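Asker: Chains as they are written, first to last, in this note's numbering: chain B, 20 to 262; chain G, 44 to 829.
For every residue, glycine included, the Cβ atom is placed at its ideal position computed from N, Cα and C.
Every value quoted in this text rests on a predicted model; they were computed, and no experiment measured them.
After the structure tokens below, expect a handful of questions from me.
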Amino acid sequence: MNAQAPAKVAGYVLRARELTKIYGEGVSAVHALRGVDLDLKPKEFVVFLGPSGSGKSTLLNILGGLDTATSGQVLFDGLDITAADASALTRYRRDRVGFVFQFYNLIASLTAEENVALVTEIARAPMPPAEALALVGLASRAHHFPAELSGGEQQRVAIARAIAKSPELLLCDEPTGALDSETGVTVLEALERVNRELGAATVVITHNAGIAAMADRVISMRDGCIAEDRANATRVPPREITW
Amino acid sequence: MRALDRKLVRDLWALRGQVFAVALVVASGVALLVMSLSTLTSLRVTTEAYYQRYTFAEVFAGVRRAPERVADKIAVIPGVQTVETRIAALTTVEIAGVREPVMAQLLSLPEGREPLLNRLALRAGRTVHPGRDDEAVLLEPFAEAHGLRPGDTIGVLLNGARRPVRIVGIALSPEYVYAIAPGGLMPDDARFGVIWMGRDALAAAYDMQGAFNTVSLTLLRGRDPGPVIAALDAILERHGGTGAVARADQISNWFVQNELAQIRVMATILPTIFLVVSALLTNAVLARLIAIERREISLMKAFGYSDLAVGWHYAKLALAMTAVGVILGWGIGAVLGRWNTELYSAFFRFPFLFYRPGGAEFAISAAVAMGAGLVGALWAVRGTLRLTPAEAMRPPVPERFRDVALPERITSALDSPTRIILRHMLRTPLRSGASVIGVALAVALLVTAMQWNDAITLLVRGHFQQSQHQDAVIGFLEPKGPAALHALHRLPGVMAVEPLRMVSGDLSHGRFTHRGALTGLPEGARLQVVHDVGGWDIPVPPGGVVLGTLLADKLGVVPGDRIEVEVLERDHPRFTLPVAAVHETWIAMPAYVSLSTLNRGMGEAPEFEYAMLRVDPAFDQALFDAVSDLPGVASFTVKRHAIEKMFETLGDTILIFSGFFIAFAGALAYGVVYNAARVALSERGRELATLRVLGFMRAEVSYILLGETALLVLIALPVGCLAGYGLVALLVQGFETELYRLPFVILPAVYGKAVAVILLASVLSAAVVRRRLDRLDLIGVLKTRE
Chain B
20 MNAQAPAKVA GYVLRARELT KIYGEGVSAV HALRGVDLDL KPKEFVVFLG PSGSGKSTLL
80 NILGGLDTAT SGQVLFDGLD ITAADASALT RYRRDRVGFV FQFYNLIASL TAEENVALVT
140 EIARAPMPPA EALALVGLAS RAHHFPAELS GGEQQRVAIA RAIAKSPELL LCDEPTGALD
200 SETGVTVLEA LERVNRELGA ATVVITHNAG IAAMADRVIS MRDGCIAEDR ANATRVPPRE
260 ITW
Chain G
44 MRALDRKLVR DLWALRGQVF AVALVVASGV ALLVMSLSTL TSLRVTTEAY YQRYTFAEVF
104 AGVRRAPERV ADKIAVIPGV QTVETRIAAL TTVEIAGVRE PVMAQLLSLP EGREPLLNRL
164 ALRAGRTVHP GRDDEAVLLE PFAEAHGLRP GDTIGVLLNG ARRPVRIVGI ALSPEYVYAI
224 APGGLMPDDA RFGVIWMGRD ALAAAYDMQG AFNTVSLTLL RGRDPGPVIA ALDAILERHG
284 GTGAVARADQ ISNWFVQNEL AQIRVMATIL PTIFLVVSAL LTNAVLARLI AIERREISLM
344 KAFGYSDLAV GWHYAKLALA MTAVGVILGW GIGAVLGRWN TELYSAFFRF PFLFYRPGGA
404 EFAISAAVAM GAGLVGALWA VRGTLRLTPA EAMRPPVPER FRDVALPERI TSALDSPTRI
464 ILRHMLRTPL RSGASVIGVA LAVALLVTAM QWNDAITLLV RGHFQQSQHQ DAVIGFLEPK
524 GPAALHALHR LPGVMAVEPL RMVSGDLSHG RFTHRGALTG LPEGARLQVV HDVGGWDIPV
584 PPGGVVLGTL LADKLGVVPG DRIEVEVLER DHPRFTLPVA AVHETWIAMP AYVSLSTLNR
644 GMGEAPEFEY AMLRVDPAFD QALFDAVSDL PGVASFTVKR HAIEKMFETL GDTILIFSGF
704 FIAFAGALAY GVVYNAARVA LSERGRELAT LRVLGFMRAE VSYILLGETA LLVLIALPVG
764 CLAGYGLVAL LVQGFETELY RLPFVILPAV YGKAVAVILL ASVLSAAVVR RRLDRLDLIG
824 VLKTRE
């Protein structure tokens, strides 16, 4: 991408250093991130916890190439995301990162399979849409439109859409935020499965502390800083999580 | 200001792009309506005032020579109010520095008093002094065309004798609002004028002492001219009456009234198109706003606002949008109305011009536009009434698309963005249909505006080039015999000569009568031929008459029938003629016979009054000079000049009008396309932002947003071409008159140009919306529900 790109950082998918994000200026300036350092390893499942305004969404947006940092650096497989232009960021999102949103954001006029195909048609090394749907247990619902699917099913279609491009990084912003606990579990199971089978580093941000149990690492944020970064000795299956 | 009204103002500001687009369409409709109606009122009021103030006559008649005492008989016809006799003659004029032939209508002025009828509106100088035979008053446009002023002298041929005449006054006349030479189609002020001279001078020159050859009448209030004309014709018949006509058929007034009728047609059809589209647009904008504001509406209802109050709130928004357009339209319409009225004054010469829009046109246009806006609003507002507060608080269910699922065979062949486009279009067929209609009407308007020029070119070509192969026509005061043809052959540059005779007459069949003329052509005529606009010539029949289709329809005859002819000249001979053929023409209602048939019918030896010449252009000037010296010449027309003048005049007006219509139709297309794209962006902004997050490029996302609009435009283009075809057919029919009709012709290039203009307007509006795509909030969509 860039002649001066730093060399790949061995053993990490992504490495962020001294990330700050300030909204506004002067007295009205809001410090959303205050010098965050973060390393993500391949296949890692990381859960970010924190109250509203702690900076976790801002961090996710910067890691996903949706927003730019005020200062600091993010390296993704040798690509300096913080220095990339708009078109490079688009390519980054298109080929390397998968997104799952709180409100699914499916295209209402496309069936489940077509929603997945939307991404596979443009990605660099996609898997067949049917395979992605099978991974999230929705092979039988492939030809249904979003309006004909439950919330949990819609979110699983969104996960299939996110992973069908075989991303190296999967970013999920409150993926169970709009779902009841039973449906939430099926969605988390789908996330757990794709993480296990595809090996994409998975980042989930949530208010729900219970979800932390299924992660390799749990990072808590407060006031734009990482307050705690701990590893779980064992990952608890989503079925056994208590909400 | 109440809180809801404050919301209204802010909504208007937030929607300013769309408000402007709707206002633009409303303004176009209102402007057209105000322009047409105010022009109509101004011309009508001006004409009526002019006619009244200068006592324009109500019945006109020509006669070969009638003694003055006949006037007393005319005066006692029941219903007649005022009678005035005059002496009239066609002649040629010599003006210093002008080498081309100039024709003039000579008219007598009473000695020592003002005329009773058809009084002159003196613009400069004075009228002719009693007893002076060398003074004249000139029609203003004629004087202007030659830069003549009181004090200047011109040479007038009085019954063959050249006489220097001093101009003492410049005037306008209600008889010559539209000053057109006999047989002409357009005023040509440089080559045809009107000259008034003292009665005694003309009587002496034309041997009319104690006699007259034209008479004008006014009638008692409310009298039908029909019976008066019949009585007048009966009185004048034995003196060689040429048939009386009512004011409605007086040539100048006919053109004025015909123009008013055409403006009326325009004022009905065209603004309607804009206002229908504006209702559709208002509906689309409001329906979308209401969809976005579901929560606000339910809140208002939860707080206790009634359905009516909520509905009225949105209806006011529609009215406010329309009002912006109305005010804009008023301004443009008033300016265009004045300009248009002044443009007419180049053809129609009035001594004064009343441009005083009465307010009615403004009130009518506002009422019509507001009504259209309200209809559009009510339809959209119905939706708010159905919303219950609780329902509106729940997030909307994703739109259902099962109903518009395309066959698998089709969808599997498409990429996802194209699938999105097609399904959205099919899901809202009414709205898609409205956009198609809007753009199609814009295309139709353009096709209509752009074909005028071609139609008129074709009309002129058909008339002057396909049926007339002569270069010049000489008219004589008295019929000439065959020997005169040989004399004409010897004139410089003349290569061929053919005679022509034209006599006015009543042509009838059963109860149908047409007051027109018979044109006599030599058998095997080559300079003037009977041409069918279908592209072929019809030989002059030895015994019968060839009629134009319009005339044949009017008389209800087909080839093989016989028509009766009463010649309105000489002794009014009557005879019948078989209809030999019928042919299609654009101009006038011709009836052609062979010259020998005509002369036989008239009971006269072979004679002619006009000679058609084919001339070597190198000898133009020599010929002009020779014709000026020829005795008994009443007129000399050069065809080239007539064509040039026609195109010059038409070029000025038609092109300006086409320009207007291109601007208005462009505004229409812009308004429709911009709104379609804006509504799509508003509905799909969230989806598009999601796609951007998923890694779609700007161009790919633009394709989804603008692809639908582009597809609608593409569908609208052929529909619009068809609609244009229909609109042209409608207008051609609406504009058909006895004197001419417009050819129904739309050249392929017209469709091409119309499509190009609409594509340009579409691209422009799409580009404006496209800029908004760059400002999509990518982060917002992750965190908000719809």
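When the Cβ atoms of the stretch 158-167 of chain B are set against those of the stretch 196-215 of chain B, are three or more pairs found closer than 8 Å?
Answerer: Output reads no: the stretch 196-215 of chain B does not touch the stretch 158-167 of chain B.
Asker: Looking at Leu543(G): is its Cβ nearer than 8 Å to the Cβ of Gly563(G)?
Answerer: Yes. Within cutoff.
Asker: Quick check for students: name the residue ranges of the alpha helix (DSSP H) that lie wholly in the stretch 334-368 of chain G, counting only runs of 4 or more.
Answerer: 337-345
Asker: For Phe10(B), go through chain G and note every residue whose CB falls closer than 7 Å to its CB, in chain order.
Answerer: Absent from the structure is residue 10(B), since the part of chain B shown begins at 20 and ends at 262.
Asker: Of the residues Leu371(G), Phe703(G) and Phe507(G), which one's Cα is nearest the Cα of Trp629(G)?
Answerer: Phe507(G)
Asker: List the DSSP bridge partners of Leu215(G).
Answerer: Under the DSSP definition of a beta bridge, Leu215(G) partners with Ala164(G).
Asker: Can you tell me the Cα-Cα spacing of Ile130(G) and Arg162(G), whole angstroms?
Answerer: 15 Å
Asker: Can you tell me whether His356(G) is buried or exposed? The criterion is at least 16 other CB atoms within 10 Å of its CB, across all chains shown.
Answerer: buried
Asker: If we ignore side chains and look at the alpha-carbon of each, how far apart do Ala248(G) and Thr692(G) end up?
Answerer: 36 Å
Asker: Excluding the five sequence neighbours on either side, which residues of its own chain have a C-beta within less than 6 Å of the C-beta of Ser551(G), listed in chain order?
Answerer: Contacts found: Glu607.
Asker: Output, in chain order, the set of chain B residues within a Cβ distance shorter than 7 Å of Leu821(G).
Answerer: Leu85
Asker: Considering only the beta carbon of each residue, do Val211(G) and Arg169(G) sit closer than 8 Å?
Answerer: yes
Asker: Whole angstroms are fine: how far does the CA of Arg87(G) sit from the CA of Leu379(G)?
Answerer: 17 Å
Asker: Ignore the nearest five residues each way along the sequence and tell me which others in Pro522(G)'s own chain have a CB closer than 6 Å to its CB.
Answerer: Glu650 and Glu652
Asker: Going straight from the alpha carbon of Ala26(B) to that of Asp99(B), what length do you get?
Answerer: Caution applies to Ala26(B), whose pLDDT of 41 falls short of 50 and renders its modelled position unreliable; the value that the coordinates give is listed next. Cα-Cα distance, rounded: 10 Å.
Asker: For Ala224(G) and Arg814(G), I'd like the C-alpha separation in whole angstroms.
Answerer: 59 Å
Asker: So which residues of chain B does Ile801(G) contact, with C-beta pairs closer than 8 Å?
Answerer: Within chain B, no residue comes near Ile801(G); the closest Cβ sits about 27 Å away, beyond 8 Å.
Asker: Listing by chain order, which chain G residues have their CB less than 7 Å from the CB of Leu129(B)?
Answerer: Within chain G, the residues near Leu129(B) are Ser459, Arg462 and Ile463.
Asker: Taking Arg34(B) as the query, report the chain G residues whose CB atoms sit under 7 Å from its CB, ordered along the chain.
Answerer: What Arg34(B) touches in chain G: nothing, since even the nearest Cβ is about 22 Å away.
Asker: Which runs of the beta strand (DSSP E), 3 residues or longer, sit entirely within the stretch 101-177 of chain B?
Answerer: 116-119
Asker: Any C-beta of chain B sitting closer than 8 Å to the C-beta of Met740(G)?
Answerer: Yes, Met740(G) lies at the interface with chain B (some Cβ there is under 8 Å from its Cβ).
Asker: Run the CB neighbour count on Met538(G), radius 10 Å, all protein chains shown included, and call it buried at 16 or more, exposed below.
Answerer: exposed
Asker: Compare the C-beta of Ala144(B) with all C-beta atoms of chain G and state if any pair is closer than 8 Å.
Answerer: no
Asker: If we ignore side chains and look at the alpha-carbon of each, how far apart do Val811(G) and Tyr717(G) end up?
Answerer: Using only the alpha carbons, I get a separation of about 8 Å.
Asker: Val62(G): buried (16+ other C-beta within 10 angstroms of its C-beta) or exposed?
Answerer: With at least 16 other beta carbons inside 10 angstroms of its own, Val62(G) counts as buried.
Asker: Quick one: using the 10 Å Cβ neighbour count with 16 as the cut-off for buried, is Leu638(G) buried or exposed?
Answerer: By the beta-carbon neighbour count (other beta carbons within 10 angstroms, threshold 16), Leu638(G) is buried.
Asker: Under 7 Å Cβ to Cβ from Pro846(G), same chain only, skipping five residues before and after it: list those, please.
Answerer: No answer is possible for residue 846(G): the residues shown for chain G start at 44 and end at 829.
Asker: Comparing C-alpha positions only, which one of Leu484(G), Gly190(G) and Ala363(G) sits nearest to Trp56(G)?
Answerer: Between Trp56(G) and the set Leu484(G), Gly190(G) and Ala363(G), the nearest pair of CA atoms involves Ala363(G).
Asker: Whose Cβ in chain B lies nearer than 7 Å to the Cβ of Arg38(G)?
Answerer: Not covered by the structure: residue 38(G). The range shown for chain G is 44 to 829.
Asker: By Cβ distance, which residues of its chain are closer than 7 Å to Arg18(B), with the 5 residues on each side in sequence left out?
Answerer: Any answer about residue 18(B) is impossible in this case: the structure gives chain B only from 20 up to 262.
Asker: Could you tell me the boundaries of the beta strand (DSSP E) in which Ala219(B) lies?
Answerer: That residue, Ala219(B), is in no beta strand (DSSP E); it is neither H nor E in DSSP.
Asker: Start and end of the beta strand (DSSP E) containing Met545(G)?
Answerer: Val537 to His552
Asker: Can you check whether the CB of Gly84(B) is closer than 8 Å to the CB of Leu108(B)?
Answerer: yes
Asker: In this structure, how does DSSP classify Tyr783(G) when only helix, strand and coil are distinguished?
Answerer: strand
Asker: Within 8 Å (strictly less), CB to CB, does Met20(B) reach chain G?
Answerer: Caution applies to Met20(B), whose pLDDT of 39 falls short of 50 and renders its modelled position unreliable; the value that the coordinates give is listed next. No, no contact with chain G.
Asker: DSSP three-state call for Val88(G): helix, strand or coil?
Answerer: Helix.
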